[in-house]
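Right, one structure below, let's go through it.
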Amino acid sequence: MQGRRPRHDPRAGPPGAEDRRPERHLRPTGRTVVGRRSVRVITLKPGRDGPVRTGHPWIFSGAIAAGLEGAEPGEAVRVVAANGRFLAAGYCNPRTPIAVRVLTTDDEPVEAALVHRRLDQALALREQLLGPGLDTYRVANGEGDRLPGIVVDRYGDFVVCQFLTAGAARLAPAVVSTLEERLHPRGVFERSEGAVRTEEGIPGARGVLAGDAPPLRLTIEEDGARFVVDVHHGQKTGFYLDQRETRRRVGALAAGRRVLNAFAYSGAFAIVAARAGAREVVSVDTSRPALELGEAAWAENGLAPAAGRFVVADVFDFLRAGEDRYELIVLDPPAFVRRRRDLVPGLRGYKDVNLQAFRRLVPGGWLVTSSCSQHLPRAAFREVVSAAAADAGRAVQVVAEWGHPPDHPTALAHAEGEYLKVLLLRA
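For the sequence shown, my numbering assigns the number 1423 to the initial residue and increments by one for each residue that follows.
Structure follows, in structure tokens:
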């Protein structure tokens, strides 16, 4: 892909719904003692505790009555209802709209022991769902594993972490020590960068946290295929682990077909398609360095050079200008809707790229199209693809639809955590 990817949740319980019993430990100073530590107390406005009670991991500044004044970014807090009743514990940031991120609804300190337990739970889930033999996967998926702001990806012998918030950065030592104890990696590397860190008021960070530095080109394996990853400078932590299911679907469809891999990034879909017996694979992306990773992976897999082309070009221009037809097209564009205010122009982008893809697809061909835009609802994505199909004069079947793989769980009450939408279409 050429690039990638919180909104205010207005839901709230009715006024007076919270328990009226007083919180015995609430102090007028706005702090309370947990264990031997004095912890800041955040008090919510009357009737604003509903989302927390139903499991939403974010508390917005507009829901807070008191306790945020003078807080440090990333400071551990206890959250109580208007009557003083305990609700949750987490960490705060007074400078961001998401003022508190919840780690637990048990009355316990936010410290290393909690992080250890959360990571143990996350690893147990992956072991149960992913099975043996897969050593490239997401270890911790932020709010989905009740570790807000913390992303951990495993690439074989190396682990790459993102601490995207001030509170997550404070918990980094506990995360690293747990990973060393549980996974025994050769190295733990940090890739904490991007707009979220800027909004949090902390600088980006990149470098070795423990052990050795990963090589500039790291070779990983998935389902027998070898991919070349740049964890130092690549997109996200280096690879799109969230598209594992899509790679498998592409592999199941590619045999004997001419394939276009649009927004190819490091060419993972091309590798899978070629290994499955595709007649020809064309990969298009604006980034020459990304495509060079794909070319290296092509060689790593022993694929015939003549069966694959890597083209540096803008995908929109490539689709409009060419006349070649394809039997399988994979569209995995960057997030065209990065903020809610981007929705209208983003929808135009999704419609245009899908329209051009339909025009380059042979009758009876397959289109795998996806969106990683958090602010684009699933229904809206289907509608815009449907509009593109109509403009192209194509009758389209939805054969399958999916999202995140099992190592990217989301919290049931946290719809904002669901970003990936993929459609398998026959036209």
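Quick reminder that beta carbons are idealized off the backbone N, C-alpha and C, glycines included. Source: prediction; values computed, not measured.
| Query | Result |
| --- | --- |
| Could you tell me the boundaries of the beta strand (DSSP E) in which valine 1807 lies? | It is not in any beta strand (DSSP E) - valine 1807 instead sits in the alpha helix (DSSP H) that spans 1800-1813. |
| Considering only their Cβ atoms, is the gap separating proline 1755 from valine 1733 smaller than 8 Å? | no |
| Beta strand (DSSP E) containing valine 1874: first to last residue? | Since the first residue shown for the chain is 1423 and the last is 1849, residue 1874 is missing from the structure and cannot be characterised. |
| How is threonine 1454 classed by DSSP in three states: helix, strand or coil? | strand |
| Would you grab the beta carbon distance between lysine 1773 and valine 1806 for me? Rounded to a whole angstrom, and I think it's under 8 Å. | 5 Å |
| Could you compute how far the alpha carbon of glycine 1484 sits from the alpha carbon of glycine 1472? | 14 Å |
| Would you identify the three-state DSSP class for asparagine 1776, choosing helix, strand or coil? | helix |
| So, at 6 Å on beta carbons, what are the nonlocal neighbours of glutamate 1491 in its own chain, with the 5 sequence-adjacent residues on each side left out? | none |
| Roughly how many angstroms lie between the CA atoms of proline 1519 and isoleucine 1481, to the nearest whole one? | 9 Å |
| Counting C-beta neighbours from all protein chains within 10 Å, is the total for threonine 1476 16 or more, i.e. buried, or is it exposed? | exposed |
| Which one or two residues does DSSP pair with phenylalanine 1580 in a beta bridge? | Tyr1577, Gly1609 |
| Could you tell me the alpha carbon to alpha carbon distance between glycine 1673 and glutamate 1644, rounded to whole angstroms? | 12 Å |
| Is it a yes or a no for the segment 1658-1668 touching the segment 1686-1695, going by three-plus beta-carbon pairs under 8 Å? | yes |
| Based on Cα-Cα distance, which residue from Arg1680, Thr1527, Arg1608, Glu1615 lies nearest to aspartate 1746? | Arg1680 |
| Helix or strand or just coil, what does DSSP make of alanine 1835? | coil |
| Based on Cα-Cα distance, which residue from Ala1647, Leu1715, Gly1609 lies nearest to histidine 1655? | Leu1715 |
| Among Arg1459, Gly1506, Leu1552, which residue has its Cα nearest to the Cα of glycine 1469? | Gly1506 |
| Which partner residues does aspartate 1707 have in the DSSP bridge list? | Val1734 |
| With a CB to CB cut of under 6 Å and the five nearest residues on each side skipped, what residues in its chain are close to valine 1844? | Thr1668, Ser1792, Trp1824 |
| Identify every run of the alpha helix (DSSP H) within the segment 1505-1560, keeping only runs that are complete inside it and at least 4 residues long; order them along the chain. | 1534-1552 |
| Contact between the segment 1627-1643 and the segment 1606-1616: three or more CB pairs below 8 Å? | yes |
| Would tyrosine 1841 be called buried (16 or more neighbouring beta carbons within 10 Å of its own) or exposed? | buried |
| In chain order, what residues of the same chain lie with their CB nearer than 6 Å to the CB of proline 1827, ignoring the 5 residues before and after it? | Arg1666, Glu1667 |
| Taking the straight line between their C-alpha atoms, what separation do you get for asparagine 1515 and alanine 1521? | 5 Å |
| What do you reckon, are the CB atoms on arginine 1539 and proline 1570 nearer than 8 Å? | no |
| Figure out for me which residue from Glu1838, Leu1777, Ala1535, Ala1810 has the closest Cα to the Cα of arginine 1761. | Glu1838 |
| Give a yes or no on whether the C-beta atoms belonging to proline 1595 and leucine 1601 are separated by under 8 Å. | no |
| Residues in the same chain with beta-carbon distance under 7 Å from alanine 1851, minus the five sequence neighbours each way, listed in chain order, please. | An answer regarding residue 1851 cannot be provided, because it is not within the stretch 1423 to 1849 covered by the chain. |
| Tell me the DSSP secondary structure of glutamine 1796 in three-state form. | coil |
| Isoleucine 1693 and alanine 1647 look like a contact to me (Cβ under 8 Å); what is the Cβ gap, rounded to whole Å? | 5 Å |
| Of the choices Arg1670, Val1618, Val1574, Gly1578, whose alpha-carbon is the least far from that of serine 1857? | Residue coverage of the chain in this structure runs from 1423 to 1849, which leaves residue 1857 outside it and unanswerable. |
| By the DSSP assignment, the beta strand (DSSP E) with glycine 1629 in it spans what residues? | 1627-1633 |
| Between which two residues does the alpha helix (DSSP H) carrying threonine 1668 extend? | 1666-1675 |
| Do you know how far the Cα of serine 1460 is from the Cα of aspartate 1764? | 43 Å |
| How many whole angstroms separate the CB atoms of glycine 1512 and valine 1532, which I take to be in contact at a CB cut-off of 8 Å? | 6 Å |
| Taking the alpha-carbon of glutamate 1377 as reference, which of Ala1590, Ala1735, Glu1749, Gly1724 has the nearest alpha-carbon? | Any question about residue 1377 goes unanswered here, given that the chain covers just 1423 to 1849. |
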